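Numbering of the sequence shown is given in our numbering, commencing with residue 256 and proceeding in unit increments.
Glycine residues also receive a C-beta, built at the ideal position from the N, C-alpha and C atoms.
No experiment lies behind these values; they were computed from the predicted model shown.
A short write-up of the structure that comes next.
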Amino acid sequence: MKAKLLTWMATALLASAVSAAPPAPGCTEAPHGEAPLYLRGGMNNWAADDDFEFAWQCNAYLLNTELQGRLAFKIADPEWSPQRTFGNPQGGNFELLFEGEQTLALRFDASGKPLLELGPRRFAGLQRSAVTDPAALGLRFDSRRLQHKQPFGARPAGSSIQFSVGASAPGVKAVFLVLERRELIGNQEVLRYHPLERQAMAPTAPGMWTGRHHFKDAGIYGYWFEVHTEQGVYALQNNRDSVYWTREKGSMGAAVVEPLPRDASRVRRFRQTIHLPQLQVPEWSADVVYYYIFPERFRNGDRRNDPDPRRQRYQDQGIERHTRWIADPHKPGLSGDGLYNNDFFGGDLAGIIEKLDEIKALGANTLYLTPIFQAASNHKYDAGDFHRIDPAFGRNADYERLTREAAKRGLRVIPDTSLNHVGSDSPYFDRFGNFGGLKASKPGAFAGGKPNPASPYFDWFLFDTRQAKPDDQYQGWVGVKDLPELNKNSPSWRTFAYRDRDSVTRRWLRAGSSGWRMDVAPWVPDDFWREWRAAVKEEKPDALTLAETWFDASKFLLGDQFDGTMNYIFRNAVLDYAAGGSARQIYPNLELLREAYPLPALLASMNLLSTHDAPRALHRFGIEHNPHTHPGVDAKQLQEAKQRLLLALLFQVGFPGAPTVYYGDEVGVGGGDDPFNRATYPWADQGGKPDLQLRERFRQLLALRNQHEVLRRGSLSAPLLLSDALIGFERVYERRRALVLLNNQRETLPAELAVSGRWRDALSGERFEAQGDRLALAVPGLFGRILLAE
C-alpha cells in the first residue's frame, strides 16, 4: 500500500456514469451463484468486510448502507477475481454520493454491464437467527482466560494447548474442537482454512468440556467449537469485532454462539499463532526509538545536487523545482503541472547528516529512511538503480558517511525499498528510453516501447505479448503502470535481489545499514521472504527485518520471515482513541496483538502515528491543513490537537514496540492525504516556525522510554482499567513494574485499579500508595500517567 497505490485510487475517481437499473419482470438465480460480493472502497479500507456484503434478492444484489459523501468504490468478491470485480463501465471505480440510510442495488444488463441504483432504504437486510436455546446461551469460552485456554498467546512449535468450554446450563450433548490450518496469500486476496482435526471434547468437570492439541508445525491455525444441544447445532466462535485493515473479523477473547451456518467458511475462527522454536529477533530491537524520514523533504544540506528542471526528466515529462522550502507539495488539480510525484524541494543525505545531533537529542536512536536509490519520482519507490544513491540525495559514499556519522552518535540506519516492483523509468525496464533504449549495453525489458526478449531483465517481469496496447502488455503492481511488477519467482531476479554477494540486500548491509524495511510485503511470496531473511542474517546476523503490512501480520512473524512489522493496527487504534473514540471499542484491536504476536516480534515492531502513506496525526485531530503553510488555523483548536498528539505519544512510549516519530510531527507539522503528509520540515533558517515547546515535550516523553527498561522490554498485561475514556495496563520486566494510564477526555478523571504497593509518577514525581489491593488516583485530561513501582 504505497504512495502509488494511493495515487492510483485517487486518480481512478470518475464522474458516475452508471445507468439506472430498470425493474426486472421476475426473479432469477444469482448470476454469480453463492460467491459473495462486497462493497469495497475507502469506507472499509477496500476490504471484503462482512458488514458490506450484498445479498441476492429476486433480481438484484442489495446492500443497506449508512454512508455520507461522494465515495469511490468497486464491487468484488474477496479474491478480486476479474470475473467478479465490477467498477465503472468507463473504467476505474464507481463513484456515488451517499446520504445516510440507503439501499444500493447492483444488477446487470443483457450484455453483462453492471447497473447501480442508490435510493431510499427498502431492503430488510440479512437477518441473523436469534439464539434462544438456554444450553447454547450458557456456553462460555474466552481465549484470554487460562481456565478456557492454556497456555496463553503465541506459542512455539511443539506446544500442546488445552481448550476448555464452559456450559452453565443443562442440555449440551457434545462439544467438538475444530482445528484448521490457515492459508493467507497476498494482500488477503486468498484466505482459506484447511481441515486439521475435529476432536470430541471430553466432559472433565461439571459444566466443562476439555480437549488438547499438539501443534507440531509453525503456522497460523484457526479453531472454533461445534456444539450439539438438545435443540440444535451451534458454532461457538470468534466475535464480530472489526480489526483495522484486516479481512477477518474477530478480536478474540470472549466467544459468541450462533447457529451453525450451512457454509462453514462463514464461521469466524479464533486464530492461534505457532512460531518456530528458534524465533529470535535482534537483541537491540526492543530498545529502538525511530526517527522516520522522507529524505526529499527533511533538509537540503548540499545545493550542488539539487534537482534541475533543465536537465532532469520524470519519465517522458519534465520536473518541477520549488523555489520556497516552506510551501505545500504540488497536487494535480490544485497546483503544479498535473503530474504526481515530480515536484522537488531538494532534501538530501547531507541534510540528514547535518541534523544527526538534533535527532539524537530528541531521543531517537534509529533512523528509518524511505527509499534513497536512484528513481524518477520524489518518493523513490519506483526504483531506477538499486546500486546507486539518487544523485539528488548524494552519492554512494554519502550513504556510507551517513551510517558512519550516525554510528558515532549511537544511531542506526534502516533503509527501505521494494523488491516487488521497480519503476517503468529504470534501466531494468526503460519504457521511456532514458537509459539508452535498445542501444544500451544491457537494454531494458521494455526498451523500444514493447517487450524485449533480448533484455537480460526480460524474465524479471510478467508480459502478455498478445495484447496490442503497450499498457496491456505488462503487469503493473495493483494496475499501476508506472510500477512494473517483478516476477518474484525469477531465479535471475532473486539472485540480483539477495543471493549474490553484491546483491541489493547484501551490498547495503555492508554499507552500514542495520537492517531493512521491506515495502508491500504481502505481495511477495512467503518462500521469497524466507530465502531473503536467511541472506540478511547470513550477511549481518543482528540485522533487523521489518515488513510493511497494514493488517494482522501474524503470518510474517513466525521466525522465518520478518522480525517485526509496521504496526498500522496500533496506529489506527491509538489515533482513534486520542481523537476521543471509545476505548472499549478500540482497545480489543490491541488485545489481539498481545494474543497473536510473539512478544519479541511485538517489541521489535514499529509503532507509528503519522506516515508518508496516511494523513498526519494532527490532521486526524482536526487540523485540516499544515499550520506551517496555512498559518490561519484556529489557535485553540491547534493547541488541543497538539495535546492529543502528546497523548498518542504517551501511548507509544508506554506500549510494547518501538515509538516512531515521523519527521516534523515533533514541531507541529500537519497535512492530510498524499502529497500533503510529505511537507518539508519547517527549519527556522528556511523561514519555518517550528514549535520548540512541543519538541521539548516529545523529548521528555521519549526520555522516559530510554531511561526505563521496563517500558522497552516489559511484557504487557490485560487491561487493568478500560472504560470509554480510560485505559490502564501494566508492563513487567524482571522485578520492575510500570503502570500506564491514559485519558482521552478534556477533564481530569478519577481512576481505581486492582494493584497494591507504592508508585511514583515518572514525569511529575508524585507518589501514590494503594490501600490494600486498590489504587485510587486522578488521571489528567488529554494525557495520562506512567507510574513506576517503588
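Three-state class that DSSP yields for residue i in the structure shown
i	result
ILE607	helix
TRP580	coil
LEU292	coil
GLN1026	strand
ALA422	strand
TRP1014	strand
MET507	coil
GLU1002	coil
VAL433	strand
ILE614	helix
PHE1038	strand
ALA838	helix
THR625	coil
GLY324	strand
SER540	helix
LYS694	helix
TYR729	strand
PHE817	coil
VAL965	helix
ALA833	helix
HIS874	helix
Residue nearest to residue i in terms of C-alpha spacing, selected from the options
i	options	result
ALA1006	PRO333, PHE407, ARG1015, LEU977	LEU977
GLN469	VAL445, GLN345, LEU370, LEU451	Contrary to the premise, residue 469 reads as His rather than Gln in this sequence. Closest option to HIS469, Cα to Cα, is LEU451.
LEU957	PHE817, GLY618, ASN343, GLY474	GLY618
ASP671	ASP612, LEU799, ARG990	LEU799
VAL677	TYR712, THR658, LYS705	TYR712
ALA766	VAL733, PHE353, PRO777, ARG667	ARG667
LEU352	GLU372, GLU575, GLN345	GLU372
GLU538	LEU854, GLY704, ARG839	LEU854
GLY380	ASN651, SER1019, ASP306, HIS880	ASP306
SER336	TYR293, VAL433, GLY346	TYR293
HIS885	VAL924, ALA859, ARG871, GLN894	VAL924
PRO550	SER419, MET507, ILE627	ILE627
TRP938	VAL888, GLU609, CYS282, GLY665	GLU609
ARG762	TYR595, VAL1034, TYR448, GLU655	GLU655
GLU1045	ARG991, ALA856, PRO1035	ARG991
ALA973	ARG986, ARG967, GLN962	ARG986
SER423	TYR448, ALA838, LEU394	LEU394
ARG772	GLU284, GLY734, ALA460, ASP818	ASP818
Test item: CB-CB of residue i and residue j under 9 Å
i	j	result
ALA1009	ASP1028	yes
VAL995	GLY909	yes
HIS483	ALA429	yes
PHE806	TYR499	yes
PHE254	PHE480	Nothing about residue 254 can be read from this structure; the chain reaches only from 256 to 1045.
PRO930	LYS663	no
ASN881	ALA833	no
ASP332	ALA365	no
ASP920	ALA872	yes
CB-CB length for residue i against residue j, believed under 8 Å
i	j	result
SER673	ASP774	4 Å
LEU1042	PHE1023	7 Å
LEU812	TYR753	Rounded, the Cβ-Cβ distance is 20 Å, inconsistent with contact.
LEU326	GLU350	7 Å
TYR936	ARG554	6 Å
ASN822	TRP732	At roughly 23 Å, the Cβ-Cβ gap does not stay under 8 Å, so ASN822 and TRP732 are not in contact.
SER860	ALA903	Rounded, the Cβ-Cβ distance is 16 Å, inconsistent with contact.
ILE607	GLY770	Incorrect: roughly 17 Å between the Cβ atoms, too far for contact.
beta-carbon residue i near the ligand HEM non-hydrogen atom, thresh 8 Å
i	result
ILE548	You won't find the ligand HEM in this model; it holds no ligand whatsoever.
Residue i - containing beta strand (DSSP E), residue span
i	result
ASN961	Unbroken run through ASN961 is the alpha helix (DSSP H), 947-962; no beta strand (DSSP E).
GLU481	474-484
VAL987	981-988
TRP771	770-773
LEU451	445-455
Range of the contiguous alpha helix (DSSP H) that encloses residue i
i	result
PRO843	843-851
PHE906	890-909
ALA973	Premise fails: ALA973 is in no alpha helix (DSSP H) and is neither H nor E.
TYR547	Careful: TYR547 lies outside any alpha helix (DSSP H), inside the beta strand (DSSP E) at 545-548.
PHE783	781-794
GLU655	651-663
PRO855	854-859
THR760	759-765
PRO914	Looking at the DSSP string, PRO914 is not in any alpha helix (DSSP H); the run it does join, the beta strand (DSSP E), is 913-917.
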